[in-house]
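**Student:**
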Amino acid sequence: MVDPDCLSGAGEPVGQHGGGGLPREPWIGAIEPERQTFNLPALPTTDAAGVWMGKDRRAVEVVHARCAGLDISKRDAKVCVRIAGAGRRKTVETVTTWSSMTSQILALRDHLIAERITCVVMEAPSDYWKPFYYLLEDAGFDVLLVNARHVKNLPGRKTDVADATWLAQLGAHGLVRASFVPPEPIRHLRDLTRARTAITRERSREVQRLEKLLEDAGIKLSAVASDILGVSGRAMLESLIAGNNDPAALADLAKRRLRSKIPALTEALTGRFTEHHAFLVQVHLDLVDQHTAAINDITSRIEVTIKPFRWFRDLICTIPGISTLTADVIIAETGADMTRFPTAAHLASWAGTTPGNNESAGKVKSSQTRPGNPYLQGALGAAAMSCAQHPGTYLGARYRRIASRRGPQKANVAIQHSMLIAIWHMGTNGCIYDDPGADYFNRLHPERAKKRAINQLEAMGYNVTLTHVS
């Protein structure tokens with residue numbers, strides 16, 4: 006922290022701006038040990054030269070002698086340039102304010118180059134970090150995007166200036182870990198897959214709004230047809246919009262298997278469908294068509310962007326439950342480069358599919374999973390549910406085995422974990438998925454499976470006698 010009593014004004018550097026009621030001059034302060042109070046027992050103190058000291062008075066190593074910390078907001082960023090002291094020279098920290106406009110970020114980059122900065126640490130607030138990160142990563146800096154939860158400052162002592170200084174201090178001593186930021190081709194793919202997911206969800210909302218509108222009109226089409234926008238449902242809705250209110254004629258528009266439900270459809274299509282409903286139904290149908298066209302356009306673009314990673318998509322699609330759409334999301338979120346994760350457990354932990362650690366005084370308070378990547382978890386969750394419907398696969402057998410004891414939600418997370426473990430090994434070794442089979446657990450513990458089957462039969466009142474068949 007920079008002590009207010011140590012602040013002294015200086016000339017304003019080119020390209021820097023004041024804001025938030027702060028003076029326009031850069032803030033320059035020398036660290037004084039008696040004022041460097043963090044009230045954090047786990048953190049070291051400092052000596053007269055600004056070197057952090059541990060409890061046993063051994064110096065904490067300075068990893069980056071010239072480090073910068075950025076506290077970013079929508080309009081500007083507070084930048085702390087920290088130059089570590091050596092010998093009798095004290096550590097100096099200079100905090101300045103820079104606009105978030107591209108021209109000012111480029112000026113900031115030149116300023117950091119002139120200061121010979123080697124490491125830049127910034128938090129990840131919303132998407133405001135992206136302009137700074139993308140322009141600074143090309144300048145040769147070691148840019149670290151850190152999780153705000155890992156560098157959280159004390160309440161009551163938190164200001165933008167203090168946050169920037171705190172980030173610079175943590176980065177200088179190597180006490181922060183960088184978040185995963187994929188390379189540019191993966192970032193493009195990630196934008197596409199996330200946009201497709203968002204538009205798909207919005208299309209589903211439009212279908213739900215349409216169903217509620219039909220309920221208002223007394224049309225119970227969704228009670229008979231599973232898909233009200235299928236070929237048959239769409240034909241009936243368009244006929245209703247055209248003014249045909251004859252339930253028998255509308256039901257006769259059913260196709261294929263739905264024709265067996267013509268009597269039920271006739272009842273369901275009897276309602277009070279008016280011109281008002283026809284107008285709103287047409288509006289919802291047009292919106293659904295627009296979303297569908299946008300999804301098709303994005304999918305075509307994804308097929309072009311994912312071409313360098315198509316081999317990996319084909320590889321992980323051999324896992325039961327993972328479709329092409331799910332594989333696109335997995336590649337976009339993980340980067341398709343498993344070398345970024347030292348082990349398969351690291352990948353599973355990063356994705357939020359492993360139990361968290363919350364232990365104090367030898368007691369485990371909670372082991373619930375930590376927040377992970379929501380897009381990856383959504384895709385894997387759908388894939389895990391698909392596995393539950395596959396009776397002849399190992400993942401399906403594992404799902405039912407866990408769900409019977411611990412419930413479907415924990416079983417779903419367990420299948421996600423198993424999928425990520427397999428994906429890491431497949432991406433690392435280039436091997437295809439080899440399913441152990443639905444009888445894997447019976448083959449693993451045959452005596453246990455036999456005993457369980459006997460107990461179940463005896464519980465039903467049977468007297469079981471086993472004869473070995475050679």
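Residue numbers (my numbering): 6 to 475.
Every residue gets a Cβ at the ideal spot worked out from N, C-alpha and C, and that includes glycine.
Report back the beta-carbon spacing between Leu194 and Ile335 to the nearest angstrom; my notes put them in contact at under 8 Å.
**Tutor:** Wrong, their Cβ atoms sit about 11 Å apart, outside the cutoff.
**Student:** What's the call for Glu98, buried or exposed, on a 16-neighbour Cβ count within 10 Å?
**Tutor:** Buried is the call here.
**Student:** Can you find at least 3 beta carbon pairs, one from the stretch 145-157 and one from the stretch 101-112, that sit closer than 8 Å?
**Tutor:** Output reads no: the stretch 101-112 does not touch the stretch 145-157.
**Student:** Is Leu226 closer than 9 Å to Leu4 when the C-beta atoms are compared?
**Tutor:** Because the chain spans 6 through 475 in this model, residue 4 falls outside it and cannot be assessed.
**Student:** Quick one: grab the DSSP three-state call for Leu149.
**Tutor:** Strand.
**Student:** With distances taken Cα to Cα, identify the nearest neighbour of Asp165 among Asp76, Val68, Ile327 and Gly432.
**Tutor:** Asp165 has its Cα closest to that of Asp76, out of Asp76, Val68, Ile327 and Gly432.
**Student:** Compute the distance between the beta-carbons of Val369 and Val293, then report whether it is under 9 Å.
**Tutor:** Their beta carbons are not under 9 Å apart, which means Val369 does not touch Val293 by this criterion.
**Student:** Put Cys85 into one of helix, strand or coil per three-state DSSP.
**Tutor:** Three-state DSSP puts Cys85 in a strand.
**Student:** Along the chain, where does the beta strand (DSSP E) that runs through Glu128 open and close?
**Tutor:** Run containing Glu128: Cys124 to Glu128, per the beta strand (DSSP E) assignment.
**Student:** Where in the stretch 89-141 do unbroken runs of the beta strand (DSSP E), each at least 3 residues long, occur, reported from the N-terminal end onward?
**Tutor:** For the stretch 89-141, whole beta strand (DSSP E) runs of length 3 or above, ordered along the chain, are 97-104 and 124-128.
**Student:** For Ala144 and Ile311, I'd like the C-alpha separation in whole angstroms.
**Tutor:** Roughly 28 Å between the two C-alpha positions.
**Student:** Looking at C-alpha atoms only, which residue of Leu290, His430 and Leu255 is the closest neighbour of Arg210?
**Tutor:** Per the Cα distances, Leu290.
**Student:** Check whether the Cβ atoms of Thr101 and Val84 lie closer than 9 Å to each other.
**Tutor:** Their beta carbons are under 9 Å apart, which means Thr101 touches Val84 by this criterion.
**Student:** Taking buried to mean at least 16 other C-beta atoms within 10 Å of its own C-beta, is Gly412 buried or exposed?
**Tutor:** Exposed: under 16 other Cβ atoms inside 10 Å.
**Student:** My guess is that Gly383 and Ala443 are in contact by the Cβ rule of under 8 Å, so how many angstroms apart are they, rounded?
**Tutor:** The Cβ separation is near 26 Å, so there is no contact.
**Student:** At what residues does the alpha helix (DSSP H) containing Arg80 begin and finish?
**Tutor:** Here Arg80 belongs to no alpha helix (DSSP H), and DSSP marks it neither H nor E.
**Student:** Report the option in Ala89, Pro130 and Glu142 whose CA atom is closest to the CA atom of Asp115.
**Tutor:** Cα-wise, what sits closest to Asp115 is Glu142.
**Student:** Once you ignore the five residues that flank Met390 on each side, which residues in its own chain have a CB closer than 7 Å to its CB?
**Tutor:** Result list for Met390: Asn417, in chain order.
**Student:** Rounding to the nearest angstrom, what Cα-Cα distance links Ala388 and Gln421 in this structure?
**Tutor:** Rounded to whole angstroms, Ala388 to Gln421 spans 8 Å at the Cα level.
**Student:** In chain order, what residues of the same chain lie with their CB nearer than 6 Å to the CB of Thr359, ignoring the 5 residues before and after it?
**Tutor:** Counting only Cβ-Cβ distances below 6 Å, and skipping sequence neighbours, we find Ala353.
**Student:** Grouping DSSP H, G and I as helix and E and B as strand, with all else coil, what is Glu66?
**Tutor:** DSSP places Glu66 in coil when its eight states are reduced to three.
**Student:** Which first and last residues belong to the alpha helix (DSSP H) in which His351 is found?
**Tutor:** It spans Ala349 to Trp355 - the alpha helix (DSSP H) in which His351 sits, taken as one unbroken run.
**Student:** When the Cα atoms are used, what is the spatial distance from Thr398 to Tyr404?
**Tutor:** Going by the C-alpha atoms only, they are around 10 Å apart.
**Student:** I'd like the span of the alpha helix (DSSP H) that includes Ala389, first residue to last.
**Tutor:** Where Ala389 is concerned, the enclosing alpha helix (DSSP H) stretches over Pro379 to Ala393.
**Student:** For His395, which residues from the same chain have a beta carbon less than 8 Å from its beta carbon, with the 5 sequence-adjacent residues on both sides left out?
**Tutor:** The answer, listed in chain order, is Pro325, Gly326 and Gly401.
**Student:** For the alpha helix (DSSP H) that Asn2 lies in, which residues bound it at each end?
**Tutor:** Residue 2 is absent from the model: the chain starts at 6 and stops at 475.
**Student:** Could you tell me whether the Cβ atoms of Ser125 and Leu175 are closer together than 9 Å?
**Tutor:** Looking at the sequence shown, residue 125 is not Ser but Val. No; because the gap between Cβ atoms is not below 9 Å, this pair is not in contact.
**Student:** Closest to Gly357 by C-alpha separation, out of Met424, Leu330, Ile321 and His281, would be which residue?
**Tutor:** Of Met424, Leu330, Ile321 and His281, the residue nearest in Cα terms is Met424.
**Student:** How about Ala203 and Ala82: do their beta carbons lie closer than 9 Å?
**Tutor:** No; because the gap between Cβ atoms is not below 9 Å, this pair is not in contact.
**Student:** One question on the structure: do Tyr438 and Ile267 come within less than 9 Å of each other, judged by their Cβ atoms?
**Tutor:** No, the Cβ-Cβ distance between Tyr438 and Ile267 is not below 9 Å.
**Student:** Mind reading off the beta-carbon distance from Tyr133 to Ser78? Whole number of angstroms is fine, and I expect it under 8 Å.
**Tutor:** Indeed, because the Cβ distance is near 6 Å, the residues count as touching under 8 Å.
**Student:** Could you have a look at Ser265 and say whether DSSP puts it in helix, strand or coil?
**Tutor:** It is helical.
**Student:** Who are the Cβ neighbours of Ala419 in its own chain at under 6 Å, not counting the five residues just before and after it?
**Tutor:** Ile407, listed in sequence order.
**Student:** Does the Cβ-Cβ distance between Val229 and Ala183 come in under 9 Å?
**Tutor:** Going by C-beta atoms, Val229 is not nearer than 9 Å to Ala183.
**Student:** Suppose contacts are defined by Cβ-Cβ distances below 9 Å. Is Arg199 in contact with Ala341 by that definition?
**Tutor:** Contact: no.
**Student:** Does DSSP put Ser244 in a helix, in a strand, or in coil?
**Tutor:** Helix at Ser244.
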